[in-house]
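Residue 224 in numbering that gives the first Met the number 0 sits at position 225 of the sequence shown, with consecutive numbering throughout.
For glycine and all other residues, C-beta sits at the position ideal for the given N, C-alpha and C.
None of the values given here were measured: they were computed from a predicted structure.
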Amino acid sequence: MKTQVAIIGGGPAGLLLSQLLNRAGIATVVLERRSRAYVLSRIRAGVLEWGTVEMLREAGVGARMDREGLVHDGCWLSRGDAMVRVDFKEACGRQVMVYGQTEVTHDLYDAQEAIGAVVLHGVEDVALHDLTGAAYVTFTHEGQAVRLDCDYVAGCDGFHGVSRGSIPPEVRREFEKVYPFGWLGVLSETPPVDHELIYASHERGFALASMRNPMLSRYYVQVPLTDRVEDWSDAAFWAELKLRLPSAVAAQLVTGPTIEKSIAPLRSFVSEPMRWGRLFLCGDAAHIVPPTGAKGLNLAASDVHYLSEAFKRAYGKGNTGGLESYSADALARVWQAMRFSWSLTMMMHRFPEQSDYERRMQETELALLERSATARRLMAEGYTGLPF
Ligand code: RFL
Ligand code: PHB
């Protein structure tokens, strides 16, 4: 097979890149290890920055998001019963869109099908070759060994993919912080407890009240890494969530059976550079943020923004400047989002063996948000996303 850009991974990063490139007349082949149903069963992100919203519209996949997504002007942060609202619109003139990653991916698959883009599922043994020369990718599909020749490879295969490891170790540098806890998340067919998100800090640990639509709620509680999903009955989950939310909010909580329950560990990770020869990394393949700042999917989208623009210039005008500067351009924004996610994670979670001093610092940070419009503006700019 032959194409212009081989895309490894059919998650949001790979599909969005493929969609934008195909619309610009650049040929792609997407290689995805899993089935479409499996990719769509992963419940993940829920909050889109406005830049992501605009990219999805530009990619021709904004119609259902604009109909069904929930535009939010702000969010709540709480500590015990004290609540602080950060009004994004007032603080920095921006908003966010609550629309699930599952829905984004669904819309992208439909759009790719409609324009006849090539997306191969169930692809195994993907290997990248000759990345500083005449690049090609080999894989197995439906029992057949296949060689795909290409101009470039986009590594959009997530944290556990093969692309990042195809960059020689002597070229690569990793930065990592692993947090000593995870998030237990549930989805339930109940009305959300508030019409905005509530990030709750509590002596017992962090909790988050989020949503997908007016009859679908998404809640999380911080748990030790040793906990397993089986340890948490629905009743135990709801009881713990109620304890961590402000009591006035907990009194309003509608509980019900959960339709999904999973535990995700929290990690900050960056691999530099994001480009090696003809290989370009995008999204979770290059970096991971803890979910506290709602940045993972949005960073994948911003990488795709820089890369798709660079490819359009390279193929359209023969100008490869954007490809040359891709790694530096993407990483500058990645590190800003890293800082934001890290600082919100540090402020809101209960750490094992945390000193009284550190707890007071967390309280003081929240108090600063309450008393200072400048602090709220900084938070609002970080949450709604820096411009590309
Ligand atoms: P993905 O989604 O992991 O997709 C990568 C795809 O590559 C495939 N793959 C391979 N294909 C072929 N060959 C191989 N060798 C392959 N290896 C892997 C995989 O099957 C998969 O389909 O990465 P991508 O596209 O970079 O997208 C990143 C986002 O999924 C991720 O950053 C977000 O989900 C993170 N995240 C959140 N981000 C937000 O912006 N806002 C949020 O509110 C938010 N909440 C979350 C989150 C992530 C969570 N978890 C579980 C990690 C909440 C949670 C709980
Ligand atoms: C979600 O709705 O899944 C969600 C929202 C905000 C976050 C993380 C996850 O910060």
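Stretch pair the segment 93 to 113 + the segment 40 to 55: three plus CB contacts closer than 8 angstroms: Between the segment 93 to 113 and the segment 40 to 55 there are three or more C-beta pairs closer than 8 angstroms, enough to call the two in contact.
task: Evaluate residue 379 with the Cβ neighbour count: other Cβ atoms within 10 Å of its Cβ, from every protein chain shown; 16 or more gives buried, anything less gives exposed.
output: Numbered from its first residue, the sequence shown carries residue 379 at position 380. Burial of residue 379 is indicated by the presence of at least 16 other C-beta atoms within 10 angstroms of its C-beta.
message: Run the Cβ filter for me: residues under 5 angstroms from any heavy atom of the ligand PHB, listed in the order they occur in the chain.
response: Sorted by chain position, residues whose beta-carbon lies closer than 5 angstroms to a non-hydrogen atom of the ligand PHB are 45, 46, 209, 217, 290, 293.
- prompt: Under a three-way DSSP split, which group does residue 381 fall into?
  reply: Against the sequence shown, residue 381 aligns to sequence position 382. Collapsing the DSSP output to three states places residue 381 in a helix.
- request: Flag this pair as touching only if the segment 108 to 117 and the segment 129 to 149 have three or more C-beta atom pairs under 8 angstroms; answer yes or no.
  value: These segments do not touch.
query: Nearest-angstrom Cα distance between residue 299 and residue 61?
result: Counted from its first residue, the sequence shown places residue 299 at position 300. Counted from its first residue, the sequence shown places residue 61 at position 62. Computed Cα separation, rounded: 17 angstroms.
task: Scan the segment 0 to 70 and note each continuous alpha helix (DSSP H) run of 4 residues or more that stays entirely inside, going in chain order.
output: The alpha helix (DSSP H) runs lying completely inside the segment 0 to 70 and spanning 4 residues or more are 11 to 22, 35 to 40, 49 to 57, 62 to 67, given in chain order.
- prompt: Do residue 293 and residue 184 have their C-beta atoms within less than 8 angstroms of each other?
  reply: What you label residue 293 is simply residue 294 of the sequence shown in a count that begins at 1. What you label residue 184 is simply residue 185 of the sequence shown in a count that begins at 1. Residue 293 places its beta carbon 8 angstroms or farther from that of residue 184.
message: Just checking residue 334 against the ligand RFL - is the residue's beta carbon closer than 7 angstroms to any of the ligand's heavy atoms?
response: As a working mapping, residue 334 is identified with position 335 in the sequence shown. Placement of the Cβ of residue 334 at a distance of 7 angstroms or more from every heavy atom of the ligand RFL is found.
From 285, 227, 200, residue whose alpha carbon lies closest to that of residue 359: On the sequence shown, position 360 is the one that residue 359 refers to. Selected option, being the one with the closest Cα: 200.
query: Is DSSP giving residue 302 helix, strand or coil here?
result: Locating residue 302 in the sequence shown gives position 303, counting from the first residue. Reduced to three states, the DSSP call for residue 302 is helix.
- prompt: On the premise that residue 186 lies in contact with residue 215, defined as a C-beta separation below 8 angstroms, what is that separation, rounded to the nearest angstrom?
  reply: Here the question's residue 215 lines up with position 216 in the sequence shown. Here the question's residue 186 lines up with position 187 in the sequence shown. The pair is a contact, with the Cβ atoms about 7 angstroms apart (cut-off 8 angstroms).
field: The beta strand (DSSP E) enclosing residue 139, as first and last residue numbers
entry: Sequence index remark: in the sequence shown, residue 139 carries index 140 (1-based). Here the beta strand (DSSP E) through residue 139 covers 135 to 140.
- request: Count the other CB atoms, across all protein chains shown, that sit within 10 Å of the CB of residue 271; report buried if there are 16 or more and exposed otherwise.
  value: Within the sequence shown, the letter at position 272 stands for residue 271. Buried, because 16 or more other Cβ atoms sit within 10 Å of the Cβ of residue 271.
Beta-carbon separation (whole angstroms), residue 221 vs residue 78, contact threshold 8 angstroms: For the purposes of this step, residue 221 is taken as residue 222 along the sequence shown, with counting starting at 1. For the purposes of this step, residue 78 is taken as residue 79 along the sequence shown, with counting starting at 1. Going by Cβ atoms, the distance from residue 221 to residue 78 rounds to 14 angstroms, so no, they are not a contact pair.
- request: Taking residue 153 and residue 137 to be in contact with their CB atoms under 8 angstroms, please state how far apart those CB atoms are, rounded to whole angstroms.
  value: For this step, residue 153 is matched to residue 154 along the sequence shown. For this step, residue 137 is matched to residue 138 along the sequence shown. The C-beta distance from residue 153 to residue 137 rounds to 16 angstroms, too long to fall under 8 angstroms, and the pair is not in contact.
- prompt: Rounded C-beta distance between residue 12 and residue 302? I'm assuming under 8 angstroms.
  reply: As a first step, residue 12 must be located in the sequence shown, where it is residue number 13. As a first step, residue 302 must be located in the sequence shown, where it is residue number 303. The beta carbons of residue 12 and residue 302 sit about 7 angstroms from each other, so the pair counts as a contact at 8 angstroms.
field: Backbone CA spacing between residue 234 and residue 210 [nearest angstrom]
entry: As a working mapping, residue 234 is identified with position 235 in the sequence shown. As a working mapping, residue 210 is identified with position 211 in the sequence shown. Residue 234 and residue 210: Cα-Cα distance of roughly 19 angstroms.
message: Looking at the ligand FMN, does it come within less than 7 angstroms of residue 297, judged from the CB to the closest heavy atom?
response: You won't find the ligand FMN in this model; what it holds is the ligand RFL and the ligand PHB.
query: From 162, 219, 347, pick the residue whose C-alpha is nearest to that of residue 281; which is it?
result: Locating residue 281 in the sequence shown gives position 282, where the first residue counts as 1. Nearest option by C-alpha distance: 162.
message: Just to confirm, is the Cβ distance from residue 84 to residue 92 under 8 angstroms?
response: The residue given as residue 84 occupies position 85 in the sequence shown. The residue given as residue 92 occupies position 93 in the sequence shown. Not in contact: residue 84 and residue 92 (Cβ atoms no closer than 8 angstroms).
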